[in-house]
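In UniProt numbering, the protein residues as written are 1 to 370.
Listed below in structure tokens is the structure:
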């Protein structure tokens, strides 16, 4: 590929690194967030490391068939971050794209702008496919991928190397020549204003700090008894669920939410929505409440809010909910929202010791929502 040394597009300038960039390279690469997600950076990152990158590392990326651009402000030419191509597979026209941004440059759409600028230039120069790999817990980087036109392709098992010599999974985001420009439409959009509320209850996305509460809630015997299989979760599993909640939302797998009481701000429980059939526009819902908040209509309010978002911004056409046949309290919640009983699927769910559980299913259409 014949890539230009300087590219200006989408409000950023991509240019070679310069000696005067060294302090800003240290600012970006020594930052804890960059260190966390870019495993091959020296730790601690010093001025010597920055000078090596500028003089040796970046030029070597070009001679190896990739690129290493400084991302600069077009008005001042000051370094904002870096973006580059690596791991070329010429026979496939395939490369990987990566980036980092200085702390002061984050949250302004500059990483997405730089990624778009380099992607479009690479396609103009003959590339056929660009891969962007992110850590499963790196939600901000996944947002960059989506904003830059990359689509989620799947999980790559053990594709990443950890500092301790271990391996970990990476998420693959891909853009190919001919893909439409602009951000990728998501299956599960963000909540309007980041929250759903009816002024009595509020729903917000689950976060890593919710792990202790989620473990407490989902370890309760009555909650465990109404899930399949009825096995209590481990603390580690709940911590992982909360760490990956943003990723599950961005990839379109599942929207996990915390239910809170508006008046007190206290947590009430949790709920979630996941696609069961994307092509048919069908998703399923689930929910659980802490004991002190049951019997007060909070579950009904939460499910009603979730259904309104599903049928509205998310564009879902049909919602389903599966319950064990004797969970009458949950049945009443669903019926108050407008769900209708549809069928008992015998032995559909796994139980304990090889047993099977029946699944009583309910369904809701937009016109049914009360």
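Ideal Cβ positions, reconstructed from N, Cα and C, are used throughout, including at glycine.
> Any idea what DSSP makes of residue 322, helix, strand or coil?
Replying inline: strand
> At which residue ranges does the region 255 to 342 contain complete alpha helix (DSSP H) runs of 4 or more residues, listed in the order of the chain?
Replying inline: Entirely contained in the region 255 to 342, the alpha helix (DSSP H) runs reaching 4 residues are, in chain order, 298 to 311, 328 to 337.
>> Counting only C-beta atoms, is residue 1 closer than 8 Å to chain B at any point?
In response: Of the protein chains in the structure, only one exists, and it is not chain B.
> What residue range is occupied by the uninterrupted alpha helix (DSSP H) comprising residue 24?
Replying inline: For residue 24, the enclosing alpha helix (DSSP H) starts and ends at 22 to 29.
> Could you give the distance in angstroms between the alpha-carbon of residue 252 and the alpha-carbon of residue 62?
Replying inline: 36 Å
> Which partner residues does residue 52 have in the DSSP bridge list?
Replying inline: None, per the DSSP bridge assignment.
> Just checking my contact of residue 219 with residue 229 at CB under 8 Å: how many whole Å lie between their CB atoms?
Replying inline: With 8 Å as the limit, residue 219 and residue 229 do not qualify as a contact, their Cβ atoms being about 15 Å apart.
> If you draw a straight line from the C-alpha of residue 59 to the C-alpha of residue 21, how long is it?
Replying inline: 15 Å
> Is the CB-CB distance between residue 201 and residue 262 below 8 Å?
Replying inline: yes
> What three-state label does DSSP hand residue 219 in the structure shown?
Replying inline: coil
> Taking the Cβ atom as the reference point for each residue, do residue 10 and residue 143 lie within a distance shorter than 8 Å?
Replying inline: Against a cut-off of 8 Å, the Cβ pair of residue 143 and residue 10 comes out as no contact.
> Tell me which same chain residues have a C-beta within less than 7 Å of the C-beta of residue 112, skipping the five on either side of it?
Replying inline: 144, 147, 148.
> Any heavy atom of the ligand ADP within a distance shorter than 7 Å of the CB on residue 306?
Replying inline: Here there are no bound small molecules, and the ligand ADP is not part of this structure.
> Under 8 Å, do residue 290 and residue 217 count as touching if we go by C-beta distance?
Replying inline: In contact: residue 290 and residue 217 (Cβ atoms closer than 8 Å).
>> My output table needs one value for residue 94: the three-state DSSP class, helix, strand or coil.
In response: strand
> How many whole angstroms separate the CB atoms of residue 51 and residue 80, which I take to be in contact at a CB cut-off of 8 Å?
Replying inline: Wrong, their Cβ atoms sit about 19 Å apart, outside the cutoff.
> Going by alpha carbons, who is nearest to residue 123 out of 105, 82, 176?
Replying inline: 176
>> To the nearest angstrom, how far is the alpha carbon of residue 347 from that of residue 267?
In response: Approximately 34 Å, taken between the alpha carbons.
> Excluding sequence positions up to five away, which residues of its chain have a Cβ less than 7 Å from the Cβ of residue 310?
Replying inline: 273, 283, 316, 319
> Should residue 352 go down as buried or exposed, given a rule of 16 or more other Cβ atoms within 10 Å for buried?
Replying inline: Classification for residue 352: exposed.
>> Looking only at its chain, what residues have a beta carbon closer than 6 Å to the beta carbon of residue 135, apart from the 5 residues adjacent to it on each side?
In response: 37
>> Our contact map puts residue 247 next to residue 139 with C-beta atoms below 8 Å; I'd like the distance itself, whole angstroms only.
In response: Rounded to the nearest angstrom, the Cβ distance from residue 247 to residue 139 is 6 Å, consistent with a contact under 8 Å.
> If you count every other CB in all the chains shown that lies within 10 Å of the CB of residue 6, and 16 or more means buried, which is it?
Replying inline: exposed
>> Quick check on the DSSP output: the alpha helix (DSSP H) that includes residue 124 runs from which residue to which?
In response: 110 to 124
> From residue 133 to residue 329, what distance separates their C-alpha atoms?
Replying inline: 44 Å
> The beta strand (DSSP E) with residue 362 in it runs from where to where?
Replying inline: 356 to 364
>> Using 8 Å for Cβ pairs, my map puts residue 24 next to residue 78. What's the rounded Cβ distance?
In response: 7 Å
>> Alpha carbons only, please: which of 224, 212, 29 is nearest the one belonging to residue 235?
In response: 212
>> Taking the alpha carbon of residue 260 as the reference point, which residue from 225, 279, 298, 304 has its own alpha carbon closest?
In response: 298
> Comparing alpha-carbon positions, which option in 308, 210, 141, 165 lies nearest residue 151?
Replying inline: 141
> In this structure, does DSSP put residue 227 in helix, strand or coil?
Replying inline: coil
>> Tell me which residues share the same chain as residue 243 and place their Cβ nearer than 7 Å to its Cβ, disregarding the 5 neighbours each side in the sequence.
In response: 137, 208
> From residue 240 to residue 33, what distance separates their C-alpha atoms?
Replying inline: 19 Å
> Could you give the distance in angstroms between the alpha-carbon of residue 54 and the alpha-carbon of residue 8?
Replying inline: Their Cα atoms are separated by approximately 20 Å.
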